[in-house]
Amino acid sequence: VNPYTGVGLTTHTRTTVIAPNGTDADALATAFSVLGIKKSKKVARRIKGIEVWLLEQNASKKAYYKY
1 VNPYTGVGLT
11 THTRTTVIAP
21 NGTDADALAT
31 AFSVLGIKKS
41 KKVARRIKGI
51 EVWLLEQNAS
61 KKAYYKY
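Sequential numbering of the sequence shown, starting at 1, is according to my numbering.
Shown next, in the form of structure tokens:
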């Protein structure tokens, strides 16, 4: 829930992260699922040694991304 608007997520991003260890993969997957595609791309490009799959779905579209 957005503390400023009181509204929950309007876009759902399914996220898979492969990282050197499970703790990092879990933390990054959680962050990316909330950040959305654009912000996740920026963050993922800065972190070496990870692979990220993102599936974004809302009422009007589905999009698949791999980084």
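Built from N, CA and C at the ideal position, the CB exists for glycine as well. Quick caveat, the model's predicted, so the values are computed rather than measured.
Cβ shell of residue i (< 7 Å), same chain only, five flanking positions each side left out
i, result
"residue 50", "17, 18, 19, 28, 44"
"residue 48", "none"
Helix, strand or coil at residue i according to DSSP, with G and I counted as helix
i, result
"residue 47", "coil"
"residue 1", "coil"
"residue 10", "coil"
Beta-carbon gap between residue i and residue j smaller than 8 Å
i, j, result
"residue 13", "residue 32", "yes"
"residue 54", "residue 15", "yes"
Outcome for residue i when other beta-carbon atoms lying within 10 angstroms are tallied against a minimum of 16
i, result
"residue 7", "exposed"
"residue 52", "buried"
Sequence-distant residues of its chain with Cβ nearer than 8 Å to residue i (five each side left out)
i, result
"residue 38", "none"
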